[in-house]
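K.L.:
There are 2 protein chains.
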Amino acid sequence: MSHKQESAFDIIAFDADDTLWHNEIYYKQAEEKLAELLADYHPAEFVVQELFKTETRNTAAYGYGIKSFTLSMIETAIALTEEKITTEEICEIIGFGREMISADVELIPNVRETIQALSASHMLMIITKGDLLDQERKVVKSGLGDCFKHIEVVSEKTSDIYKALLSKYEIAPERFLMVGNSLKSDVLPIVAIGGAAVYIPNGTTWAHETVSDEEAQKNYYHELEDIGQLPELIKNLSNPKE
Amino acid sequence: MSHKQESAFDIIAFDADDTLWHNEIYYKQAEEKLAELLADYHPAEFVVQELFKTETRNTAAYGYGIKSFTLSMIETAIALTEEKITTEEICEIIGFGREMISADVELIPNVRETIQALSASHMLMIITKGDLLDQERKVVKSGLGDCFKHIEVVSEKTSDIYKALLSKYEIAPERFLMVGNSLKSDVLPIVAIGGAAVYIPNGTTWAHETVSDEEAQKNYYHELEDIGQLPELIKNLSNPKE
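So the sequences go chain by chain: A and B. Each residue of the first sequence is one higher than the last, beginning at 89 in the working numbering. Each residue of the second sequence is one higher than the last, beginning at 89 in the working numbering.
1) Does B:Ile-173 have its Cβ less than 9 Å from a Cβ in chain C?
2) Once DSSP output is grouped into helix, strand and coil, what is the label at A:Glu-240?
3) Since B:Ala-280 is in the alpha helix (DSSP H), which residue starts that stretch and which ends it?
4) Which one or two residues does DSSP pair with A:Phe-102 in a beta bridge?
5) Helix, strand or coil: how does DSSP classify B:Glu-311 here?
6) Would you report the Cα separation of B:Gly-185 and A:Glu-177, rounded to the nearest angstrom?
7) For B:Glu-285, does the count of other Cβ atoms within 10 angstroms reach 16, so buried, or fall short, so exposed?
8) For B:Glu-244 and B:Asn-198, I'd like the C-alpha separation in whole angstroms.
9) Any idea which residues DSSP pairs A:Leu-325 with across the strands?
10) Our contact map puts B:Lys-226 next to B:Val-193 with C-beta atoms below 8 Å; I'd like the distance itself, whole angstroms only.
11) Do B:Ile-100 and B:His-238 have their CB atoms nearer than 9 Å?
12) Provide the residue span of the alpha helix (DSSP H) that contains A:Val-228, from first to last.
13) Name, please, each residue of chain A whose Cβ falls closer than 8 Å to the Cβ of B:Val-333.
14) Counting C-beta neighbours from all protein chains within 10 Å, is the total for A:Ala-208 16 or more, i.e. buried, or is it exposed?
15) Would the region 149-160 of chain A and the region 153-169 of chain B be scored as touching if the rule is three or more Cβ pairs under 8 Å?
16) Quick check: what's the CA-CA separation for B:Pro-328 versus B:Tyr-287?
17) Measuring only the C-alpha atoms, how far is B:Asn-111 from B:Asn-269?
18) What are the boundary residues of the beta strand (DSSP E) that B:Tyr-287 is part of?
19) What residues in the region 174-193 of chain A bring their beta carbon closer than 7 Å to a beta carbon of chain B?
20) Per DSSP, which one or two residues make a beta bridge with B:Leu-195?
21) Taking the alpha-carbon positions, what's the A:Ala-149 to B:Asp-219 distance?
22) Counting only C-beta atoms, is B:Leu-312 closer than 9 Å to chain A at any point?
23) Using a Cβ cut-off of 8 Å, pull out every chain A residue sitting near B:Ser-156, in sequence order please.
24) Roughly how many angstroms separate the alpha carbons of A:Gly-282 and A:Ile-189, rounded to a whole number?
25) For B:Leu-276, would you say it is in contact with chain A, using Cβ-to-Cβ distances shorter than 9 Å as the test?
26) Show which residues of chain B have a CB atom less than 8 Å away from the CB atom of A:Ala-104.
27) Do you know offhand how far B:Asp-105's Cα is from A:Glu-258's?
28) What first and last residue would you give for the alpha helix (DSSP H) that runs through B:Ile-189?
Following this line, the structure appears as structure tokens:
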């Protein structure tokens, strides 16, 4: 008999933004700067609300990521000032986006140790939305690039898209574990196709990514407070009788 | 003995923009509109040159695609008018980008027949740069989505990136054929790693995609005038003695 621990999973996939590193915080900071820039026209809360509406409307055309967000900030600023915003201020908004692109990658606590440990025993991958180039840059900046065998940037995280990925990598759903901070994107679509999912909530989940309690309760998934608890959970799932 | 034709290739990959469908023409149209918008400030040729410089400078931060191009148009317009451009005109520029996103996909002659025929005998894929969402949309609009087993959107087309793709799909380089309109992106990096490549020049190749004659002559690849000639070439390469 082998002493080698058998895992329940052939591959463990991680969402990136706000699962491995902070991301939403940079969007919030840019929103605050935009609100400040438009403070003579509207209260901050209204600016943020209108920006959110513009983003939602633009997602179909632009997709996710910083460039899309920058274009939405410009559009919102022009609309909310009735075209009175100056060209100089539009340059500032472009600058908000550029700062986001060049921002440091700050890992969430316990990510480094957990990913390094799991990469010794499992094939790891990243499945994320957003700009391809931006996500690749963050993987490099994170210093964890060598831990991940594959990086998949997808336009949406639906059950169909996950199904296509599993088929591409020839992985059975029940041998696949997805870990992320969004019930809507990382957890429910995986559970729906027979995969396993771990939900690790983050303080600043994007409003686009929320689901109703009712929707969440219909589905079974694991929830952790901290990614540092993941290796223990995987061990328990792999050896349920221990 | 089997009558089934053996192919020299396990997978045939196609570049998308200006190989399968027109693309550069929409960029040229947007450039012309921008030049017209700035006609009171500078001659058209100068506007196009400066836009090209901005794009080149921005590629490292923004990557390829329409959103990146839109942000570069805005930046160029602001710089070339010394911030005198109006907010209304910036809206127009955003509109140029939106028109590109919603443009029809016009297949290059003989693409439909060739792709449909080859998809019956080969596994086909697309390897392209640009915005993920935009490329996916074009694949759908092309009506050829079912012919391609995989769509890979990459941030750059270097030998290393092609090598990583071949390893991901477990394809030997000598069993891989890449078809595209750019020597720099679709042909030379493939030849460099021992793969086969077919170059099909297009009238409107982007200035970023050109290479010197000297660079091209050092490498061996096939050149066709029309994608309709591809099945015959593949047949000849698969049965060199016939």
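Each residue gets a CB set at the ideal place from its N, CA and C atoms; glycine is no exception.
P.N.:
So, to answer that:
1) Here chain C cannot be found, since the structure's protein chains are A and B.
2) If DSSP states are grouped into helix, strand and coil, A:Glu-240 belongs with the strands.
3) 276-280
4) A:Ile-214 and A:Val-267
5) Residue state, collapsed to three classes: strand.
6) 21 Å
7) It is worth fixing the name first, because residue 285 of chain B is Ala in this sequence and not Glu. The residue is buried, with at least 16 neighbouring Cβ atoms inside 10 Å.
8) 27 Å
9) Partner(s): none; A:Leu-325 has no beta bridge.
10) 5 Å
11) no
12) Looking at the DSSP string, the run of the alpha helix (DSSP H) that includes A:Val-228 is 220-230.
13) Residue coverage of chain B in this structure runs from 89 to 330, which leaves residue 333 of chain B outside it and unanswerable.
14) Here A:Ala-208 is exposed, its C-beta having fewer than 16 other C-beta atoms within 10 Å.
15) Below 8 Å, enough C-beta pairs join the region 149-160 of chain A and the region 153-169 of chain B to call them touching: three or more.
16) 20 Å
17) Cα to Cα, the separation comes out at about 12 Å.
18) 284-287
19) Thr-175, Glu-176, Ile-178, Cys-179, Ile-182, Arg-186 and Ile-189
20) B:Trp-109
21) 11 Å
22) In terms of beta-carbon proximity, B:Leu-312 stays away from the interface with chain A, with every pair separated by 9 Å or more.
23) Close to B:Ser-156, with beta-carbon spacing below 8 Å, are these residues of chain A in chain order: Lys-155.
24) Each residue's Cα considered, the two are about 36 Å apart.
25) No, B:Leu-276 lies away from the interface with chain A (no Cβ there is under 9 Å from its Cβ).
26) Ordered by position in chain B, no residue passes the 8 Å Cβ test against A:Ala-104, which lies about 14 Å from the chain.
27) 29 Å
28) 175-190 is the extent of the alpha helix (DSSP H) around B:Ile-189.
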